[in-house]
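S.K.: Here it is, the structure in full.
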Amino acid sequence: KQEVTQIPAALSVPEGENLVLNCSFTDSAIYNLQWFRQDPGKGLTSLLLIQSSQREQTSGRLNASLDKSSGRSTLYIAASQPGDSATYLCAVRGNDMRFGAGTRLTVKP
Amino acid sequence: DAGVTQSPTHLIKTRGQQVTLRCSPKSGHDTVSWYQQALGQGPQFIFQYYEEEERQRGNFPDRFSGHQFPNYSSELNVNALLLGDSALYLCASSLVGLAEGTQYFGPGTRLLVL
């Protein structure tokens, strides 16, 4: 059974810092991995999708990497801004779609 | 281009009642998945509908059932509500099924069971 873990559970940084969010999964037989952002009480916004054959994807200040063999993905956020404050979720697609519990990010002005 | 829409936005029910939640997929999408998200946790997969049939199901009891209509919109029904069913219910749509392509999520329906 696929299990997805996100560390840390919460993170608080000053504006301008670069930061890394971690996602690990137990079963490497996946189709892809997706990173989402969720604002309080809202739905999920897709940030990046990495297919199993890819190593990384970039969008603006965001870069996501995937190491399927070690069961790890990282989301790198450059030059963080207060507007980046949200919960970040990773989701792994295998036989179904499994989510981590998320990392709650606060970026302080 | 409208994204995924869900209704209602909020709902309050009492134990034992039944509830129906609705979802309209993003334009051009044919597959709808439903998720339950308890407070402080990640979403959990309930089931997925494609071509009006349930294609896949997560670890949820039969009290949770669904339907997909010819226009690809979908309903989630929950019978005999329990306090533990209180959660944010998310609908996601995609084009080619669970294993491929980006899933787009709606804003969710927040259900409170008293």
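One line per chain: the protein sequences are B and C, in this order. Plus 12 on top of the position in the first sequence (first one is 1) and you've got our numbering. Plus 1260 on top of the position in the second sequence (first one is 1) and you've got our numbering. For every residue, glycine included, the Cβ atom is placed at its ideal position computed from N, Cα and C. As the structure is a computational prediction, the values presented were derived from the model and not from experiment.
Sorted by chain position, which residues of the same chain lie with C-beta nearer than 8 Å to Pro1330 (chain C)'s C-beta, five sequence neighbours on each side aside?
M.R.: Cβ neighbours of Pro1330 (chain C) beyond the five flanking positions: Glu1312.
S.K.: Does the beta carbon of Val1373 (chain C) sit closer than 9 Å to a beta carbon anywhere in chain B?
M.R.: Taking Cβ atoms only, chain B never reaches closer than 9 Å to Val1373 (chain C), which makes this a no.
S.K.: If contact is defined by three or more beta carbon pairs under 8 Å, each pair taking one atom from either stretch, is the region 31–49 of chain B in contact with the region 1269–1288 of chain C?
M.R.: Contact fails: fewer than three Cβ-Cβ distances are below 8 Å.
S.K.: Are the CB atoms of Leu78 (chain B) and Ile89 (chain B) within a distance shorter than 9 Å?
M.R.: No, the pair does not count as a contact, with Cβ atoms beyond the cut-off.
S.K.: Give me, in chain order, the residues of the same chain whose beta-carbon lies closer than 6 Å to that of Glu29 (chain B); leave out the 5 immediate sequence neighbours on both sides.
M.R.: Excluding sequence neighbours, Glu29 (chain B) sits near Ser92.
S.K.: Does the beta-carbon of Ile1306 (chain C) have 16 or more other beta-carbons within 10 angstroms, so that it is buried, or is it exposed?
M.R.: With 16 or more other Cβ atoms within 10 Å, it is buried.
S.K.: If you measure from the CB of Gln1308 (chain C), is any heavy atom of the ligand ZN nearer than 8 Å?
M.R.: Because no ligand of any kind appears in the structure shown, any question about the ligand ZN cannot be addressed here.
S.K.: With a cut-off of 9 Å, does the C-beta of Arg1370 (chain C) fall near any C-beta of chain B?
M.R.: Arg1370 (chain C) counts as touching chain B.
S.K.: For Gln69 (chain B), decide whether its Cβ has a neighbour in chain C, counting only Cβ atoms nearer than 9 Å.
M.R.: So, not an interface residue.
S.K.: With DSSP collapsed to three states, give me the class of Pro94 (chain B).
M.R.: Here Pro94 (chain B) sits in helix by DSSP.
S.K.: Tell me which residues share the same chain as Glu27 (chain B) and place their Cβ nearer than 7 Å to its Cβ, disregarding the 5 neighbours each side in the sequence.
M.R.: Answer for Glu27 (chain B): Ser92, Gln93, Pro94, Val119, Lys120, Pro121, listed in chain order.
S.K.: Could you have a look at Asp1345 (chain C) and say whether DSSP puts it in helix, strand or coil?
M.R.: Three-state result, Asp1345 (chain C): helix.
S.K.: Go ahead and pull the three-state DSSP assignment for His1289 (chain C).
M.R.: The answer is coil: DSSP assigns His1289 (chain C) none of H, G, I, E or B.
S.K.: Can you pull the chain C neighbours of Asp108 (chain B), defined as C-beta to C-beta under 8 Å?
M.R.: Near Asp108 (chain B) (Cβ distances below 8 Å), the residues of chain C are Phe1305, Gln1316, Gly1318, Leu1358.
S.K.: If we define contact as Cβ-Cβ less than 9 Å, is Val1279 (chain C) a contact residue for chain B?
M.R.: No - not a single Cβ of chain B is within 9 Å of the one on Val1279 (chain C).
S.K.: In the DSSP assignment, what are the bridge partners of Phe1324 (chain C)?
M.R.: Its beta-bridge partners are C:Val1338.
S.K.: Counting only Cβ-Cβ distances shorter than 8 Å, please list the residues of the region 48–63 of chain B near chain C, keeping chain order.
M.R.: Against chain C - using a Cβ distance shorter than 8 Å - the residues of the region 48–63 of chain B are Phe48, Gly53, Lys54, Gly55, Leu56, Thr57, Ser58, Leu61.
S.K.: I want to verify the contact list: residues of chain B whose CB lies under 7 Å from the CB of Phe1377 (chain C), in sequence order.
M.R.: Coverage of chain C is limited to positions 1261 through 1374, which leaves residue 1377 (chain C) absent and any answer about it impossible.
S.K.: So is Asn1339 (chain C) buried or exposed if we call it buried at 16+ other beta carbons inside 10 Å?
M.R.: Exposed, by the Cβ-count rule.
S.K.: Helix, strand or coil for Asn1319 (chain C), going by three-state DSSP, please let me know.
M.R.: Residue state, collapsed to three classes: coil.
S.K.: My output table needs one value for Lys1273 (chain C): the three-state DSSP class, helix, strand or coil.
M.R.: Reduced to three states, the DSSP call for Lys1273 (chain C) is strand.
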